[in-house]
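Visitor: One structure coming up, written as structure tokens, with questions to follow.
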Amino acid sequence: MYLGISNTNSFSPPAIKVTPETTVTWEWISEDVEYNVVAIDGTFDSGQPLSEAGETFEYTFDAKGTYRYVSEPYADAGMRGVVVVDTAPSSEYPTVDEWLAGTNGYDGTITDQLDTSLVEITTGAKGNSGHSAFEPHAVKVSAGTTIRWSWTGKGGAHNIVFKDGDFDSESTHAESGVHFEETFSETGVFRYACQPHHALGHRGAIIVE
Numbered sequence: 001m002y003l004g005i006s007n008t009n010s011f012s013p014p015a016i017k018v019t020p021e022t023t024v025t026w027e028w029i030s031e032d033v034e035y036n037v038v039a040i041d042g043t044f045d046s047g048q049p050l051s052e053a054g055e056t057f058e059y060t061f062d063a064k065g066t067y068r069y070v071s072e073p074y075a076d077a078g079m080r081g082v083v084v085v086d087t088a089p090s091s092e093y094p095t096v097d098e099w100l101a102g103t104n105g106y107d108g109t110i111t112d113q114l115d116t117s118l119v120e121i122t123t124g125a126k127g128n129s130g131h132s133a134f135e136p137h138a139v140k141v142s143a144g145t146t147i148r149w150s151w152t153g154k155g156g157a158h159n160i161v162f163k164d165g166d167f168d169s170e171s172t173h174a175e176s177g178v179h180f181e182e183t184f185s186e187t188g189v190f191r192y193a194c195q196p197h198h199a200l201g202h203r204g205a206i207i208v209e
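Take the sequence shown: its position 106, counting from 1, is numbered 106 in full-length UniProt numbering, and each next residue is one higher.
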């Protein structure tokens, strides 16, 4: 989590979802403007406002809940954030559940597209505090299926980058249309994300059987 990124009085990202026992770290970016991190309910407090780039504050969230916080000097101007703490969704694929734990909207459902030759996934769907989601989040397909990612043109520039470096879309695109597709010949679990927005939860998974 960053404070004052790109000379704006804001948190980036403004909202995240984590599982219990996760430690969240806030890092100061600006050297000119003083910020702090204070939970509205008093759960955590970084202390007096600081203007030191590289300064960090961290807090471990033990209990489930919604934790809203502000930077006191700019709270009235809208410098607010939220951390949602909840248990990870559960499916029969723990690797997928762990990868998508911070993705708003993922509830453990794997969309079954077995025996379908062409499957389309929307990039830039509504979710994760904007248009930073894949729809569906996770799909199950047969070996030999072609996956086509279709951009909505919303939420800024997106790309497709696979966690294990299997392949990627190489560049980001902001305009709507199909900008990447791949045929999955081998079985396995393939995890991917939009690199610019992965911290927001813009992640997806493909299970090939």
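Cβ atoms here follow ideal geometry from the backbone N, Cα and C, with glycine treated the same way.
These numbers were taken from a predicted model, which means no experiment stands behind them.
Using the Cα positions of tyrosine 2 and serine 117, report the straight-line distance between them to the nearest angstrom.
Guide: 42 Å
Visitor: For a test of the three-state rule: what should DSSP assign to histidine 179, helix, strand or coil?
Guide: strand
Visitor: List the endpoints of the continuous beta strand (DSSP E) containing threonine 95.
Guide: Premise fails: threonine 95 lies in the alpha helix (DSSP H), 94-99, not in any beta strand (DSSP E).
Visitor: Give me the DSSP bridge partner(s) of glycine 204.
Guide: Tyr192
Visitor: Just verifying my parser: in three-state terms, what is the DSSP assignment at histidine 173?
Guide: Here DSSP, grouped into helix, strand and coil, assigns histidine 173 to strand.
Visitor: Buried or exposed for valine 178, going by 16 or more other Cβ atoms inside 10 Å?
Guide: Flag for valine 178 reads exposed.
Visitor: In the DSSP assignment, what are the bridge partners of glycine 65?
Guide: Bridge pairing for glycine 65: Val85 [DSSP].
Visitor: In this structure, how does DSSP classify alanine 157 when only helix, strand and coil are distinguished?
Guide: coil
Visitor: What are the residues that DSSP puts in a beta bridge with valine 33?
Guide: Paired residue(s): none; valine 33 is not in a bridge.
Visitor: Hey, would you say alanine 143 sits closer than 8 Å to threonine 111, going by beta carbons?
Guide: no
Visitor: Determine the DSSP secondary structure at isoleucine 5, reduced to helix, strand or coil.
Guide: helix
Visitor: Are there 16 or more other CB atoms within 10 angstroms of the CB of isoleucine 16, so buried, or fewer, so exposed?
Guide: With 16 or more other Cβ atoms within 10 Å, it is buried.
Visitor: Between the alpha carbons of residue 250 and serine 46, how many angstroms are there, rounded?
Guide: Here the chain covers residues 1 to 209 and nothing more, so residue 250 does not appear.
Visitor: Can you check which of these residues, Gly42, Thr146 and His202, is closest to valine 161 by C-alpha distance?
Guide: His202
Visitor: By the three-class DSSP mapping on this structure, what secondary structure does residue 251 have?
Guide: Coverage of the chain is limited to positions 1 through 209, which leaves residue 251 absent and any answer about it impossible.
Visitor: Could you round the C-beta distance between threonine 152 and alanine 174 to whole angstroms and report it? I think they count as a contact, below 8 Å.
Guide: With 8 Å as the limit, threonine 152 and alanine 174 do not qualify as a contact, their Cβ atoms being about 10 Å apart.
Visitor: Residue 217 by DSSP, collapsed to three states: which one?
Guide: Residue 217 lies beyond the range of the chain shown here (1 to 209); nothing can be said about it.
Visitor: Closest to glycine 127 by CA distance: which of Phe57, Ser185, Arg148 and Asn104 is it?
Guide: Asn104
Visitor: If threonine 183 sits next to glutamate 209, beta carbons under 8 Å apart, how far is it from one beta carbon to the other, in whole angstroms?
Guide: About 15 Å separates the two Cβ atoms, so there is no contact after all.
Visitor: Among all the DSSP beta bridges, which residues are the ones paired with threonine 22?
Guide: Phe61
Visitor: Sorry if obvious, but does the Cβ on alanine 199 come closer than 7 Å to a heavy atom of the ligand ATP?
Guide: This structure lacks the ligand ATP, and indeed carries no ligand of any kind.
Visitor: Going along the chain, which residues of its own chain have a beta-carbon closer than 6 Å to the beta-carbon of phenylalanine 44, five neighbours each way excluded?
Guide: Tyr59
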